[in-house]
Amino acid sequence: MLSFSSVSGSEIAVNIQGNDEIAASVHPPQITLYGDSGTLILTGFFTNGYTVSKLCAGGREPEILPVPQRLLDEMPDSGDPVQNMWSALARDFIADIQGEQHRPYLTFYDGYIYQSAIDAIRCGNGWRKLGL
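Residue numbers for the sequence shown follow my numbering, so the first one is -3 and each next one is one higher.
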């Protein structure tokens, strides 16, 4: 389990369940964000599409949330949802290095931060503060 902080400083509990080295699984990769009034669940993000669901406190079934149209309109359309995300990253990266306006995107430093978290998880020694 990871713990993230919001901009205001309050902690957000996050559970990441992955199965990237398993040949077959009934459970898709999943990211779960726990909040005071409910839970957001992202599944299928390594496949040809993903689903975001909301489970309210006391609710029995998650409610599937549609991707906002404004986000879909900004995404390149190659016909493959995973390729669309890579194409958007390449578009924004190229615009950035050419000094043009672009949407924010993850950087190499972000990758370093994520890899530090992954290494801590793989180490399996319980809770650990990341020296970032």
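Beta carbons are placed, not taken as given, at the ideal position from N, Cα and C, and that holds for glycine.
Can you tell me which of the three DSSP states V48 falls into? Strand.
Cβ separation of T47 and I27, assumed to be a contact under 8 Å, to the nearest whole Å: The Cβ separation is near 11 Å, so there is no contact.
So, helix, strand or coil for Y101, using DSSP? In the structure shown, Y101 sits in coil (DSSP, three-state: anything other than H, G, I, E or B).
For Q26, the first and last residue of its enclosing beta strand (DSSP E): Unbroken beta strand (DSSP E) run through Q26: Q26 to Y30.
What separation, rounded to the nearest whole angstrom, lies between the Cα atoms of D73 and S83? If you take the alpha carbons of D73 and S83, they lie about 9 Å apart.
Quick one: Cα of V63 to Cα of I37, how far? Taking C-alpha positions only, V63 is separated from I37 by approximately 13 Å.
Taking C-beta to C-beta, are H98 and D106 nearer than 8 Å? Not in contact: H98 and D106 (Cβ atoms no closer than 8 Å).
Please report how far the alpha carbon of L85 lies from the alpha carbon of I93, in whole angstroms. Cα atoms of L85 and I93: separation of roughly 12 Å, rounded to the nearest angstrom.
With burial defined as no fewer than 16 other Cβ atoms inside 10 Å of the residue's Cβ, what is the status of Q39: buried or exposed? As written in the sequence, residue 39 is Thr, which differs from the Gln given in the question. When all chains shown are included, T39 counts as buried.
For L29 and I90, what's the separation of their Cα atoms in angstroms? Here the alpha carbon of L29 sits roughly 32 Å from the alpha carbon of I90.
Whole-angstrom Cβ separation of S112 and L102, contact assumed at under 8 Å? The pair is not a contact, with the Cβ atoms about 14 Å apart (cut-off 8 Å).
Assign G75 to one of three DSSP states: helix, strand, or coil. The DSSP-derived three-state label of G75 is coil.
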